[in-house]
Amino acid sequence: MTKTLVFGASTNPGRYSNMAVRRLVDQNIETTAFGIHGGTVSGVQIKDNLVDFQNIDTVTLYLNPTHQREYYQKIVDLRPRRVIFNPGTENPEFYEILEKEGIKVEVACTLVLLATGQY
1 MTKTLVFGAS
11 TNPGRYSNMA
21 VRRLVDQNIE
31 TTAFGIHGGT
41 VSGVQIKDNL
51 VDFQNIDTVT
61 LYLNPTHQRE
71 YYQKIVDLRP
81 RRVIFNPGTE
91 NPEFYEILEK
101 EGIKVEVACT
111 LVLLATGQY
């Protein structure tokens with residue numbers, strides 16, 4: 001089974017990152033979450049420290065490009081198979097870094113991918 005890290009997770013039910021956690025859990029996809037503020041969504045603890053994450057297949061980003069830069073190396077170090085850039089997170093500079101590291105870049109909406117069976 002693949003593990004997904006929702007990066008930029010929020011406990012606010014109106015946020016897309018929150019919806020993503022809930023839908024991933026609903027589809028029985030192993031889900032972890034990282035966010036600035038802790039909390040829990042659908043039984044998934046939002047952690048504020050990246051050292052706890054291992055064996056991540058997919059990172060789905062919900063962090064705008066100006067805040068991504070400080071996490072470039074930390075995300076690369078997780079060695080995910082792919083990083084999904086959700087609407088509003090598009091970042092060509094980061095795409096290039098990831099691709100050089102052999103990490104697949106996908107510019108898409110996680111919620112749409114889940115709803116259409118393309119996740």
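Residue numbers (the UniProt record's numbering): 1 to 119. Note that the Cβ used here is the ideal one computed from N, Cα and C, for glycine as well. In this text, all values refer to a predicted model and were calculated from it rather than measured experimentally.
**OP:** Express the C-alpha separation of Ile36 and Ile75 in angstroms, rounding to a whole number.
**Re:** When rounded, the distance between both Cα atoms is 15 Å.
**OP:** Could you please give me the residues that DSSP links to Lys104 through a beta bridge?
**Re:** In the DSSP output, where bridge partners are listed per residue, Lys104 has Arg82.
Subject >> CA nearest to the CA of Val107, picked from Glu101, Glu90, Ile97 and Tyr119 >> reply: Measuring from the Cα of Val107, the nearest candidate turns out to be Glu90.
Original post:
Can you tell me the Cα-Cα spacing of Pro13 and Pro80, whole angstroms?
Top reply: Taking the straight line from one Cα to the other gives about 26 Å.
Original post:
Is Gln45 helix, strand or coil when you go by DSSP?
Top reply: In the structure shown, Gln45 sits in a strand (DSSP, three-state: E or B).
Subject >> Contact belief for Thr4 with Ile29 at Cβ below 8 Å, rounded distance in angstroms >> reply: Thr4 to Ile29, Cβ: 6 Å. Contact.
Original post:
Where are the beta strand (DSSP E) runs, 3 residues long or more, that stay fully inside the stretch 12-43, in chain order?
Top reply: Taking 3 residues as the minimum length, the beta strand (DSSP E) runs contained wholly in the stretch 12-43 are 30-34 and 39-41, in order along the chain.
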